[in-house]
Amino acid sequence: MSVELSTTYLGLKLQNPLVVAACPLTLQVEWLERLEQAGAGAAVLASLFAEQIEHEEAELQAASEYGSDFYAEHSNWYPDQGEYRSGPAMYLDHIAAAKKAVSMPIIASLNGTSTGGWVKYAKMMQEAGADALELNIYFIAADIEASAADVEKRYTDLVAAVKESLSIPLAVKVGPHFSSPGNMCLKLAEAGADGLVLFNRFLQPDIDLDALETSPHLELSSPAEMLLPLRWAAILRGRVSASLAVTSGVHDGQGLAKVLLAGADVAQVASTIYLNGFDHVGRMIRDLTAWMVEKGYDSVEQLRGSMSQQNCPQPAAFERGNYMKVLTKFTGKPV
Ligand SMILES: Cc1cc2nc3c(=O)[nH]c(=O)nc-3n(C[C@H](O)[C@H](O)[C@H](O)COP(=O)(O)O)c2cc1C
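Just so you know, the sequence shown maps onto residues 168 to 502 in my numbering.
1) State whether the region 300-307 contacts the region 335-347, with contact taken as three or more CB pairs (one from each stretch) at a distance under 8 angstroms.
2) Using CA atoms only, rank isn't needed, just tell me which of C352, K496, G430 is closest to P184.
3) Going by the C-beta, is R450 closer than 6 angstroms to any heavy atom of ligand 2?
4) According to DSSP, is E386 helix, strand or coil?
5) Which one of H222, I402, A209 has the shortest CA to CA distance from A268?
6) Would you call the region 207-226 in contact with the region 276-285, where contact means no fewer than 3 C-beta pairs closer than 8 angstroms?
7) If contacts are defined as beta-carbon pairs under 8 angstroms, then A401 and F345 qualify, I think. What distance do you get, rounded to the angstrom?
8) Check whether the Cβ of L325 lies closer than 7 angstroms to any Cβ atom in chain D.
9) Whose C-alpha, out of Q204, M257, L194, L202, is nearest the C-alpha of E223?
10) Please classify D324 as buried or exposed, where buried requires at least 16 other C-beta atoms within 10 Å of its C-beta.
11) Per DSSP, which one or two residues make a beta bridge with A338?
12) Can you tell me whether DSSP reads I190 as helix, strand or coil?
13) Below 8 angstroms on the Cβ atoms is my contact criterion, and I expect V467 with S173 to pass it. Report the Cβ-Cβ distance as a whole number of Å.
14) Specify, as a first and last residue, the run of the alpha helix (DSSP H) that T280 falls within.
15) Please confirm if the region 406-421 is in contact with the region 432-441, defined as three or more CB-CB distances below 8 angstroms between the two stretches.
16) What's the gap between the Cα of V493 and the Cα of K500?
17) Look at the alpha carbon of D377 and the alpha carbon of E386, and state the distance between them as a whole number of angstroms.
18) Tell me whether R368 counts as near ligand 1, meaning its Cβ is closer than 6 angstroms to at least one heavy atom of that ligand.
19) When DSSP labels each residue in this structure, what does T498 get in the three-state scheme?
20) Which same chain residues end up closer than 6 angstroms to P272 when comparing Cβ atoms and leaving out the 5 residues on each side of it in sequence?
21) Comparing alpha-carbon positions, which option in L192, G472, E461, L395 lies nearest R368?
22) I'd like to confirm something about G208: is its beta-carbon nearer than 6 angstroms to some heavy atom of ligand 1, or not?
23) Is there at least one non-hydrogen atom of ligand 1 closer than 6 angstroms to the beta-carbon of C190?
24) Which of the three DSSP states is assigned to Q469 in this structure?
25) Just how far apart, CA to CA, sit P408 and W198?
26) Note down the Cα distance separating A488 from T498, rounded to an integer number of angstroms.
27) How would you write the range of the beta strand (DSSP E) that Y176 sits in, first residue to last?
28) What first and last residue would you give for the beta strand (DSSP E) that runs through D375?
Encoded structure:
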């Protein structure tokens with residue numbers, strides 16, 4: 168028995184619901200080819216950061232002003248802007264190269280926290296050939312005077328500004344730290360998000376005890392992290408018009424099956440490829456297929472959302488249900 172794995176995400180037709188998440192694995196054309204050969208349905212390129220764009224533009228500006236004020240006769244000493252090989256320019260080139268090399272959809276990624284001059288790069292990414300854009304809003308509300316409403320407005324203003332410049336679909340990747348994550352997702356969809364990527368894994372700073380400095384810290388995910396976005400995909404399925412992607416902790420075919428049952432259109436994976444290699448992509452797809460055959464599902468379409476909050480037999484489980492029972496039944500003892 169064969170099963171139909173194709174799915175639609177952001178209005179794009181994907182041959183299966185496994186998307187390679189934004190990470191450096193997608194920054195080399197050769198690796199993109201290997202990921203496609205292994206069976207990936209689409210890939211999100213690692214992000215271009217607002218800071219990278221602003222830094223490059225500030226340097227160009229400073230170079231041009233310095234040259235013309237003080238060395239008018241040498242005004243050609245700084246690089247020609249058209250030829251300047253900056254980070255952003257390389258990123259745009261990579262989009263074009265990726266589109267030539269693989270046939271799966273390529274989603275570019277922009278990472279920023281507020282509207283600014285860099286937003287115009289969304290359009291450039293579209294012009295470079297990206298099939299869609301993912302906007303990663305990585306904002307830490309460290310200003311404790313800022314209210315939740317201020318912070319939420321910052322998000323929706325940014326989404327509206329990026330959406331305005333695009334004709335390709337826009338996905339928005341956010342963290343889970345809102346008082347009402349579901350309502351925030353509704354607002355993002357209203358502001359123009361065609362898809363929601365649940366959730367950003369915020370990097371937490373650590374403290375180096377020897378150097379007495381803060382040290383940035385990136386850890387690969389563990390499968391338990393999947394349960395938070397799984398819950399929210401289940402709650403949002405059928406209630407928000409945007410496509411849903413789950414990212415964080417999807418490590419195997421079983422994880423893939425679970426997030427689809429909850430209501431995600433796709434899973435975005437990174438850590439498991441770092442841990443298990445490119446071929447793990449194919450293994451995940453094969454394991455999903457085998458499970459679907461065993462359970463009698465004909466297609467991803469048929470299984471998607473069948474355990475969402477609206478469809479599952481115990482909708483309360485996605486809220487507070489069973490919370491007390493689980494805690495009081497816990498019998499673990501310290502070693
Ligand atoms: C090495 C590495 C680099 C990443 N870089 C980005 C990035 O540039 N932009 C982004 O939106 N997410 C980035 N992520 C987050 C991933 O896209 C993904 O959402 C996250 O790792 C959760 O998925 P996972 O559990 O499968 O790793 C990165 C993750 C890793 C491991």
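Each residue gets a CB set at the ideal place from its N, CA and C atoms; glycine is no exception.
Quick caveat, the model's predicted, so the values are computed rather than measured.
On the basis of the coordinates in this document:
1) yes
2) Comparing Cα positions, the closest option is G430.
3) No copy of ligand 2 occurs in the structure displayed; its ligands are ligand 1 alone.
4) coil
5) A209
6) yes
7) 17 angstroms between Cβ atoms; not a contact.
8) No chain D is part of this structure, which consists of one protein chain only.
9) M257
10) exposed
11) E301, G362
12) Just to set this straight, residue 190 is Cys in the shown sequence, not Ile. Three-state DSSP puts C190 in a strand.
13) 7 angstroms
14) Here T280 belongs to no alpha helix (DSSP H), and DSSP marks it neither H nor E.
15) yes
16) 15 angstroms
17) If I take the Cα positions, the gap works out to 20 angstroms.
18) yes
19) coil
20) Leaving aside the five residues that flank P272 on each side, the residues in its chain whose CB is nearer than 6 angstroms to its CB run, in chain order, L179, A209, D298.
21) L395
22) Using a cutoff of 6 angstroms, the CB of G208 does not count as near ligand 1, since none of the ligand's heavy atoms is closer than that.
23) C190: yes, Cβ under 6 angstroms from ligand 1.
24) helix
25) Checking the sequence shown, residue 408 turns out to be Ser, not Pro. Rounded to whole angstroms, S408 to W198 spans 33 angstroms at the Cα level.
26) Residue 488 is actually Gly in this sequence, not Ala. Rounded to whole angstroms, G488 to T498 spans 19 angstroms at the Cα level.
27) 174-176
28) D375 -> beta strand (DSSP E) spans 373-375.
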